[in-house]
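Asks: First, the structure itself, so that you have it in front of you.
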Amino acid sequence: MLKYIKQFWGYIVAGAIALAYFFGIKKGKENEKTHQTNKILANMESGNRARNSLDTDPAVRDRLHKKYKRK
3 MLKYIKQFWG YIVAGAIALA YFFGIKKGKE NEKTHQTNKI LANMESGNRA RNSLDTDPAV
63 RDRLHKKYKR K
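Residue numbering for the sequence shown is 3 to 73, as defined by this note's numbering.
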């Protein structure tokens, strides 16, 4: 058995590296998707907070309306 392990040692190491690489890529994609989802949710929360602040303070709303009004 040890003779076969020595004979195919390179293939065993290459297989282990390939598995680690495959699972690493899969985990990296999951992490990136989670990161992007969290950023999207944070941006939506920030936008909702800004809209809510404009609803509660008409002076700010009027000032911004004058500043960015289309001509």
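Just so you know, even glycine gets a beta-carbon here, dropped at the ideal spot from N, CA and C.
What separation, rounded to the nearest whole angstrom, lies between the Cα atoms of L56 and K68?
Replies: If I take the Cα positions, the gap works out to 14 angstroms.
Asks: Tell me the residue span of the alpha helix (DSSP H) that contains D57.
Replies: Looking at the DSSP string, the run of the alpha helix (DSSP H) that includes D57 is 11–58.
Asks: Is there at least one Cβ from chain C nearer than 7 angstroms to N33's Cβ?
Replies: Looking for chain C here will not work: only one protein chain is present.
Asks: Using the three-state DSSP reduction, which class does K8 fall into: helix, strand or coil?
Replies: The answer is helix: DSSP assigns K8 an H, G or I state.
Asks: By Cβ distance, which residues of its chain are closer than 8 angstroms to I1, with the 5 residues on each side in sequence left out?
Replies: With the chain running from 3 to 73 in the structure shown, residue 1 is simply not present.
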